[in-house]
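Residue numbers (this note's numbering): 17 to 590.
Just so you know, even glycine gets a beta-carbon here, dropped at the ideal spot from N, CA and C.
Just so you know, these numbers come straight off a predicted model, no measurement behind them.
Remarks on the structure that follows.
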Amino acid sequence: MLTRYLVFALAAFCLLCTESSAATLIRQRLVTDGSVDPPGDRIDLVIAFEPDEKEVRLEVHALVVATAEEQSVERVAAKGSRNRDADGRFKKTVIVKRPGTGAIGRFSVAIAYADLTLGPDVHRLAYEVYAYAGEQLQFVKPTRLTKVEVTGRTRSELTLVTATERPDSIVKPINAYRLDGDEKEVRQIELKTTRYRPEEKSTVQKVAIPGEFIRSELATVAKSDGEGRAQPSVPLEELRPKAERTVFFATNRKTSDNGKFAAELSEALRYGSCTVNIPVDSHKRGSLELPPNVRDWWKKYDPGKYFYVYDTRIVPREQFVKGLAEDDVLLYVHGFNNSFENAILSAAQLKHDLEFPGKATTFTWPGDTKRGLGLLGGYRTAEQHATKSVDSLAELLQALLDHRDQASTRFDIHVIAHSLGNRVLLDAVHRLVSDKRVNPGSKVFANVVLAAADVDWPTFAAQAPSLVSCAKRVTYYYSTQDFPLKLSKTLHGDKPPIGLCPLLHPQVDTINADNVNEFAIGFGHRYFSSSNPMLVDLNLLLVNSLMPDGRQPPLGNRQEIAGHAHWEFVPVTN
């Protein structure tokens, strides 16, 4: 998890090294979760300023799309005297200023429903953000559409309009990595992605009906198989998820003088488990609610608000595997800049959000930034530590496989690797196969998930065949909007990470996560654990054993790219 300040500094450096003459919109996100007070929507923006820019004027216009029959869109009239342009339409103006000497600023603009002239109905709203430096237009960016309901109870003299949307396909050239038997190549393809945009028309019907706003989201949810039938009564307490979870771990970290696991390598691999508190009543799926300083894991925090570790035990290898019993195992291999505590808590969040019924385990290697090295120096050190951690992960994998072979009941081993953790996993499995400790084709792993892989193509092409031969199913998630991987690409020059591009392989399911990736969360790098559609897809894969064509939604229809299957997530419009 990259630290916010240093990533912004690197982002500013990269942006200032490119030719540009205007403020740049890096990310825009529409928030419609009911958190805005008074009731309304919020637009979060990340803007990069030019060196001589001190401020930017933002103008936000509201659009409402008419009924499907009329196929029309209209700017919404303002209600009251504020936030009104000369024609009486809604326009909110906000001046955002450069954050001191920094090049990148984060801003929010709230739009109150009470400032919009709307009538009783379910409305589909969108907003357009115009940015000006003086009188010069810098950029225009529309938001996605959202739903709001107006009821006929208290307000008066409102305008009735409803909304529709249309899918729009975007085709862009992109490199893809093709690995098929002995054939290895990088080829340029045309990647087709789907977005939803408001119609550009202007017919609108007006009436005067009183009404008030309802804040709750109106997302359409598919009916469950049991909906509409009488269900047996179950006590509420039996349905509550456990607030305490055990996470097993293996680590090759040294311990510091205070007994904590540090960001330094140890020659020994140690095993153990942690008890983790999960704030089950307030937790939002995809979030990792951390206390003010997660590294102070020995402190007590409010159990209703935070994930935290409150008990850690070191045990021998034999006791470690005995604790796993004969349950399915979910092994998480983290990436760069994850402390020991963060790796444990991330594994707990994954188990909880995926509703994984087995044991959560993590291999936590010293990939976090050591104090005094800075982000770049810490990343380079982490790359060295990743290489030196391969034997330790191979030892853990061997322990899991030996335990399964000796168990009376066959259980599944699932692996999720993220970012730089993909390097450790690929090399570890490759060594197990090369050393003949695992037979190629034995399919000893049930599912292997490669997310946001920070691995160069030559390394991946050499090691991936071993991994594919040992897994029943390999799933590869990538995003072209992964900002930390773009920084990695800048650092590595002619050996960029593959996690920015599609992988074309007959035995690998390749899925584009652009439609569910949010820059504001981990700078577009943590979508594997923060995106609700992604977590739904992982649940359907790991818990329900469904193929991609059976996971629609959240996935869209199968596409063919250069003769290989490819999927993307259905765009989120609600």
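The beta carbons of A462 and D428 sit closer together than 7 Å. Counting along the chain, G56 sits inside the beta strand (DSSP E) bounded by residues 56-64.
In the assembly as shown, T377 is a buried residue. Its beta-carbon has 16 or more other beta-carbons within 10 Å.
Contact between the stretch 426-446 and the stretch 463-483 is present: 3 or more CB-CB pairs across the two stretches fall below 8 Å.
Counted as a single uninterrupted DSSP element, the beta strand (DSSP E) harbouring T378 occupies residues 375-380. By alpha-carbon distance to E69, the top candidate from A126, I120, V471, A278 is I120. The continuous beta strand (DSSP E) containing A278 extends over residues 277-293. Pairing N528 with E576 gives a Cβ-Cβ distance that is not under 7 Å.
Within the model, the alpha-carbon separation for R140 versus T262 is close to 44 Å. Burial state of Q154 is buried, judged by a 10 Å Cβ sphere holding 16 or more other Cβ atoms. Pairwise C-beta distances place the stretch 124-137 in contact with the stretch 97-108, as three or more of them are shorter than 8 Å.
Excluding the 5 residues flanking it on each side, V62 has same chain C-beta neighbours closer than 6 Å at I42, R43, R122, in chain order. Selection V586, V92, A578 evaluated against N548 yields V586 as nearest (Cα-Cα).
Around the beta carbon of A284, fewer than 16 other beta carbons sit within 10 angstroms, so the residue counts as exposed.
By the Cβ-count criterion, A364 is buried, with 16 or more other Cβ atoms from all chains shown falling within 10 Å of its own Cβ.
Your pair L413 and L361 does not check out as a contact, with CB atoms roughly 23 Å apart and the cut at 8 Å.
A straight line joining the alpha-carbon of V47 with that of K270 spans about 42 Å. C-alpha of E357 to C-alpha of A402: approximately 18 Å in a straight line. Close CB contacts of D344 within its chain, under the 6 Å cut and outside five residues either way in sequence, are with G374, F427, D428 (chain order). A distance below 6 Å between beta-carbons, with the five flanking residues on each side excluded, links P456 to the following residues of its chain, in chain order: V449, S485. Judged by their CB atoms, L501 and P518 are not nearer to each other than the 7 Å cut-off. The beta-carbon distance between A78 and R91, rounded to whole angstroms, is 7 Å. This is short enough to meet the 8 Å contact definition. Taking 3 residues as the minimum length, the beta strand (DSSP E) runs contained wholly in the stretch 332-419 are 345-349, 375-380, in order along the chain.
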